[in-house]
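Chains as they are written, first to last, in the numbering used here: chain A, 1 to 155; chain B, 156 to 442. Below is one structure; the comments refer to it alone.
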Amino acid sequence: MKQILKIRVNGDDHELYVDPRRSLAEVLRNELGLLGVKEGCLTGYCGVCTVLIDGKSVKSCLIFAHQTQGKDILTIEGLATDGQLHPIQQAFIDHFAFQCGFCTPAMILSMKALFDENPNPSEEDIRIALIGNLCRCTGYHKIVEAGLALAKSKN
Amino acid sequence: MKPLEFLEPKTLEEACSLLSKHKEAAKLIAGGQSLRPIMRHRLIAPKYLINLKGLSELDYIKELSGELRIGAITTHRTVETSTVINQKFPILAEMERSLGSVQIRNWGTIGGSLAHADPSGDPAPVLIAIGAKVKVVSTKDERELPLENFLTGYYETALESDEILKEITIPYLPPNSGSAYLKEVIRAGDIGIATVAAIITLNSKQEVKEAKFVLGAQGTPPIRATQAERAATGKRVGDSTEDVAEAAAKEARPQTDILGSVEYKLDMVKSLIKRAISLSITRAHAD
């Protein structure tokens, strides 16, 4: 039996009726059409489902949606403001930090969570922050480079 | 996943009442990082999930009466980044840094990890080595027991069907102590292939006065390697620790699985315990 779920997503408040079995990823994708939240391994390993809850990165496939009652959620769709790309998104473009793009929304959100916590991360800090995000295309090199370039430009 | 009802108690007391009411038909959920996958695989199918994640009264790290107390719903990330933990219990912070990834640590809880009792879980061997106790509570009663008595078997704990793990209490480490948590993994953040928690206290002559070694990833609750501990007593920096490694390998009971054979894992235990001793002594000196 569905239960009421009230959440804020990308700045908008929603009141939804959601089956308690649904994960946060399923709700964001199926109820709110936010397909930038991907589903990959469904076991919490690959990280393509990464979103931010109250600014902290989490794996939305591993979280029962009803645990996020009243929380503030950010997906990739909520990152650009008024058509302006977020500096992290621009850095990914400038440094060609994606190929197929499947891991990219999650990578960018993990990177944002890192920079919000630590505005001047080292290479090691960046690599540690991205442990939970797998990429099969790039070998991570350009992703890390994008992060380092961003750190350099800000500091 | 089978249909279920999601229950949201506002207090620990309410959670205990709900659990008393539903008993085995209910499962407690903290972060759910371990619980959700096993429910998706239909290994368990509770009719009710009692959500503990919202109980902020169980989210704390505080120093009280000469002990450190950690609420069961404290996230791994909170433990990892806590100043008092990094200063006074660095082995706990070291363990948390090796656990999963930032995302898992942001939502998963240390109490949930203990209650889940995965034999390869990271917190248990470290907390046993430190001498941690856990408090469990029900509508009727509150009791405290050493962590090694709480972990009773393969994904099994001493929790009765109406009990909730509430708090972890940790005594301070003696002066001149050094510690290390070493974990053999394929990739950073992975489940451990072999894990060793070591705490060493030196005497005034810089010899090992007391050693605690706990082996994880054994397919059973973590194993306290008491013979290895005895063999380590009296050692100084630079002494051979081959005998300690041999003793630990005899006490270890790893099983062959996808991560490695028994032989490989025993080799890892020997290698890890030697490094753990060396690291712990160095760190004790640094104090």
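C-beta atoms are modelled at their ideal positions from N, C-alpha and C, and glycine is treated no differently. Keep in mind that this is a model prediction, so the values were computed, not measured.
With H, G and I counted as helix, E and B as strand and the rest as coil, what does DSSP make of residue i?
| i | result |
| --- | --- |
| residue 246(B) | helix |
| residue 215(B) | coil |
| residue 106(A) | helix |
| residue 57(A) | strand |
| residue 27(A) | helix |
| residue 174(B) | helix |
| residue 139(A) | coil |
| residue 50(A) | strand |
| residue 257(B) | helix |
| residue 132(A) | coil |
| residue 126(A) | helix |
| residue 112(A) | helix |
| residue 347(B) | coil |
| residue 89(A) | helix |
| residue 147(A) | helix |
| residue 154(A) | helix |
| residue 21(A) | coil |
| residue 167(B) | helix |
| residue 252(B) | helix |
Would you please verify whether the beta carbon of residue i is less than 7 Å from any beta carbon of chain B?
| i | result |
| --- | --- |
| residue 40(A) | no |
| residue 89(A) | no |
| residue 62(A) | yes |
| residue 129(A) | yes |
| residue 95(A) | no |
| residue 2(A) | no |
| residue 6(A) | no |
| residue 147(A) | no |
| residue 132(A) | yes |
| residue 66(A) | yes |
| residue 20(A) | yes |
| residue 75(A) | no |
| residue 138(A) | no |
| residue 59(A) | yes |
| residue 43(A) | yes |
Considering only DSSP beta bridges, list what residue i is partnered with.
| i | result |
| --- | --- |
| residue 66(A) | DSSP, once it has assigned bridges, lists no residue as partnering residue 66(A). |
| residue 160(B) | 203(B) |
| residue 368(B) | 353(B) |
| residue 5(A) | 16(A) |
| residue 75(A) | DSSP output for residue 75(A) lists no bridge partner at all. |
| residue 363(B) | 357(B) |
| residue 84(A) | 81(A) |
Closer than 7 Å by beta-carbon distance: list the chain D residues that pair up with residue i, in chain order.
| i | result |
| --- | --- |
| residue 56(A) | The question asks about chain D, but that chain is absent: this structure's protein chains are A and B. |
Please classify residue i as buried or exposed, where buried requires at least 16 neighbouring CB atoms within 10 angstroms.
| i | result |
| --- | --- |
| residue 20(A) | buried |
| residue 242(B) | exposed |
| residue 67(A) | buried |
| residue 141(A) | exposed |
| residue 416(B) | exposed |
| residue 337(B) | buried |
| residue 281(B) | buried |
| residue 393(B) | exposed |
| residue 82(A) | exposed |
| residue 121(A) | buried |
| residue 361(B) | exposed |
| residue 137(A) | exposed |
| residue 341(B) | exposed |
| residue 49(A) | buried |
| residue 185(B) | buried |
| residue 47(A) | buried |
| residue 1(A) | exposed |
| residue 385(B) | exposed |
Tell me, please, whether the CB atom of residue i is closer than 7 Å to any CB atom in chain A?
| i | result |
| --- | --- |
| residue 268(B) | no |
| residue 250(B) | no |
| residue 256(B) | yes |
| residue 192(B) | yes |
| residue 208(B) | yes |
| residue 343(B) | yes |
| residue 423(B) | no |
| residue 226(B) | no |
| residue 337(B) | no |
| residue 188(B) | yes |
| residue 173(B) | no |
| residue 159(B) | yes |
Would you say the beta carbon of residue i comes nearer than 6 Å to a heavy atom of the ligand FMN?
| i | result |
| --- | --- |
| residue 31(A) | This structure does not include the ligand FMN; it has no bound ligands of any sort. |
- Message: Please give the ranges of any alpha helix (DSSP H) in the region 301-340 of chain B, keeping only runs that are unbroken, at least 4 residues long and fully inside the region.
- Response: List check, alpha helix (DSSP H) in window: 302-305.
- Query: Which ranges does the beta strand (DSSP E) cover as unbroken runs of at least 3 residues, wholly within the region 182-241 of chain B, from first to last along the chain?
  - Reply: Within the region 182-241 of chain B, the complete beta strand (DSSP E) runs of at least 3 residues are 203-206, 216-219 and 222-226.
- Message: I'd like the ranges of any alpha helix (DSSP H) spanning at least 4 consecutive residues and lying wholly in the region 264-302 of chain B.
- Response: Taken in chain order, the unbroken stretches of alpha helix (DSSP H) that lie wholly in the region 264-302 of chain B and span 4 residues or more are 265-271 and 278-285.
- Message: Quick check on the DSSP output: what are the complete alpha helix (DSSP H) runs of length 4 or more inside the region 375-402 of chain B, in order along the chain?
- Response: The region 375-402 of chain B contains these whole alpha helix (DSSP H) runs: 381-387.
- 4 or more residues per run - each alpha helix (DSSP H) lying fully within the region 395-440 of chain B: For the region 395-440 of chain B, the continuous alpha helix (DSSP H) assignments of 4+ residues that do not extend past its boundaries occur at 397-406, in sequence order.
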